[in-house]
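Take a look at the structure below.
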Amino acid sequence: AEARRDPQAPGRDPGGQAAVSRQRGGGAPWRRCRVQRDYRFDRVWFWGCIQGVRGAYYIAEGLGPNRAAPRSRLYSLNCVDWSLLTPATKEMLALAKQVKGRFQGDPSYEYSLAEINAEAAARLIEGGKEPVIKEEARLIATIEEIDRAVGIVPRGAFVKTPLGSVHENRHFEGLSLVEAKKLSSYFHFTEPVNLKNKTLLEKADLDPSTDFLDSLEHDIPRGSWSIQLEKGGTVVVLRSLLWLGLTFYHVPMTKQFGYVYFGTGEKNLDLPFML
Numbered sequence: 004a005e006a007r008r009d010p011q012a013p014g015r016d017p018g019g020q021a022a023v024s025r026q027r028g029g030g031a032p033w034r035r036c037r038v039q040r041d042y043r044f045d046r047v048w049f050w051g052c053i054q055g056v057r058g059a060y061y062i063a064e065g066l067g068p069n070r071a072a073p074r075s076r077l078y079s080l081n082c083v084d085w086s087l088l089t090p091a092t093k094e095m096l097a098l099a100k101q102v103k104g105r106f107q108g109d110p111s112y113e114y115s116l117a118e119i120n121a122e123a124a125a126r127l128i129e130g131g132k133e134p135v136i137k138e139e140a141r142l143i144a145t146i147e148e149i150d151r152a153v154g155i156v157p158r159g160a161f162v163k164t165p166l167g168s169v170h171e172n173r174h175f176e177g178l179s180l181v182e183a184k185k186l187s188s189y190f191h192f193t194e195p196v197n198l199k200n201k202t203l204l205e206k207a208d209l210d211p212s213t214d215f216l217d218s219l220e221h222d223i224p225r226g227s228w229s230i231q232l233e234k235g236g237t238v239v240v241l242r243s244l245l246w247l248g249l250t251f252y253h254v255p256m257t258k259q260f261g262y263v264y265f266g267t268g269e270k271n272l273d274l275p276f277m278l
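The sequence shown maps to residues 4 to 278 in the working numbering.
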C-alpha cells in the first residue's frame, strides 16, 4: 500500500489506494506520483473522502519541507483528475458553519444563505457580494475544520526547531505500548490553543522541541475519542466521535501512523447529549 512507502506521514491513508478502490468499486488508483510531480510537493498523501448525495470528493494533501506550514489541498471526483483548492479564509469558515445537511457532490452547487441565515445574507449583500456559498467553498472549510479539530500525530513524531519550523523527527521509533494507550500521547497537528494557557510551572516538565502542540487529553467534550487495541493488540486505533469517519492508527514501537477520513463531512453536533 502507499502507506508502507511513506511511514512518517501523519495524514496518509492507512489503506492506501486500496481504500479508494473499495469506495469506488475497484476503480483506477489515485495518481499520487503525477500530483506530486505536477505541483512540486515534497510529499503527497491521501487525506480521505467526503461522500455527497450525488457523488464523492476524494481529497489529497501536498506538503513542503516545513510540516507546520499551511498544506495545499486537492480534490477529485474520479481519482484521476485533480484540482487545487484555494486556502480556507475566515469568511469561508464562518459561512460554511451556517450550512447544515449533506454535501451534494457538485462543487458548483450554490447554497442560498437567505434561506439559512438572513443576517449573514444581509451582511454579504451590504458588502456587495451574493448571499450564496458554493459547495467548493464549503468543502475547503470542512477539510480545514476536520484537520484542525481531529488531525492528530503521536507525541515525538515531529520536532520544532529554535527557528520555529517543524520537521519529522528522524529519531522517533514509535510510542511504547503503555504510552500508546493514553490520550495524552497524541497531539493535534495544528496551531496550539491550550498550550498558551499553561502556567510556567506546568510548562517546566515539557520539552519545547516535542511538546509544542495540544494533547488530546483535554479535548472538549470529554469522551470525544475512542481508543482501542486491534490486530491482537499490535495496533492502536483512535476514532473521533465528533467527526464520525475520522480514524487514526499507530503501530507501537514503529514509525507507522496515520489518519484518514471517510464520512459525510458533517460534525456530530449531538455528541454532548450522547456522552
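Glycine included, each C-beta is placed from N, C-alpha and C at the ideal position.
Source: prediction; values computed, not measured.
Asked, Found
"Residues bridged to C52 [DSSP beta-bridge criterion]", "Y61 and F265"
"Assigned exposure category for M256 - 16 Cβ within 10 Å defines buried", "exposed"
"Straight-line Cα distance separating D45 from G226", "36 Å"
"DSSP beta-bridge partners of E220", "DSSP lists no partner for E220."
"Within 8 Å, strictly: CB atoms of A144 and A72", "no"
"Inter-residue spacing [alpha-carbon to alpha-carbon] between T89 and A124", "22 Å"
"8 Å Cβ cutoff met for R158 and F192", "no"
"L209 versus L216: straight-line alpha-carbon distance, rounded", "11 Å"
"Contacting residues, own chain, Cβ-Cβ under 7 Å from N69 (five flanking each side not counted)", "S168 and V169"
"From I146, L278, L249 and A140, residue whose alpha carbon lies closest to that of E113", "A140"
"Status (buried if at least 16 other CB within 10 Å, exposed otherwise) for G248", "buried"
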